[in-house]
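Each position in the sequence shown, counted from 1, maps to that position plus 261 in our numbering.
These notes concern the structure reproduced below.
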Amino acid sequence: MRKKAAQSDRFKRDTLRRLKRATGQLSSVIRMIENERDHMDILTQLAAVRGAVTQVGVIVTQEHLRRSTMGVTGKRKKEMDSLNRVLIKFVSCK
Numbered sequence: 262m263r264k265k266a267a268q269s270d271r272f273k274r275d276t277l278r279r280l281k282r283a284t285g286q287l288s289s290v291i292r293m294i295e296n297e298r299d300h301m302d303i304l305t306q307l308a309a310v311r312g313a314v315t316q317v318g319v320i321v322t323q324e325h326l327r328r329s330t331m332g333v334t335g336k337r338k339k340e341m342d343s344l345n346r347v348l349i350k351f352v353s354c355k
């Protein structure tokens, strides 16, 4: 089992806020299906849910990389920053 990650208050607040919003959006999708709403409306809402969850993944990845590179300096720091940008760009692709 991995050790528990220490989380900043801001990280925790931001990720929980986004996930709660996604939960609300997903509940809305369920109601839309139950109420036999138009498929395009449902797909639009699902795209919003996917985007919200993807953004949480980006934030978690950034936090992990930030914590993993604490204390790293010089050329190694520049390499890690470059890796961070590439990973975020890849994860954010649509």
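C-beta: ideal position from N, C-alpha, C; glycine also.
Top-ranked residue by Cα proximity to Leu326, from Val310, Ile303 and Met341: Met341
With a Cβ-Cβ cutoff of 7 Å, do Arg279 and Val317 count as a contact? The beta carbons of Arg279 and Val317 sit closer together than 7 Å.
Using three-state DSSP, classify His333 as helix, strand or coil. One point to set straight first is that residue 333 is Val, not His, in the sequence displayed. DSSP, reduced to helix, strand and coil, places Val333 outside both helices and strands of the structure shown, so it counts as coil.
Specify the secondary structure class of Ser343 as computed by DSSP and reduced to three states. helix
Suppose you measure from the CA of Arg274 to the CA of Glu295; what does that come to, to the nearest Å? Near 32 Å, if we compare the C-alpha coordinates of Glu295 and Arg274.
Starting from Glu360, follow the alpha helix (DSSP H) in both directions and report where the run begins and ends. Because the chain here runs from 262 to 355, residue 360 falls outside it and cannot be looked at.
Between Arg282 and Ala313, which are expected to be in contact by the criterion C-beta below 8 Å, what is the C-beta distance as a whole number of angstroms? 6 Å
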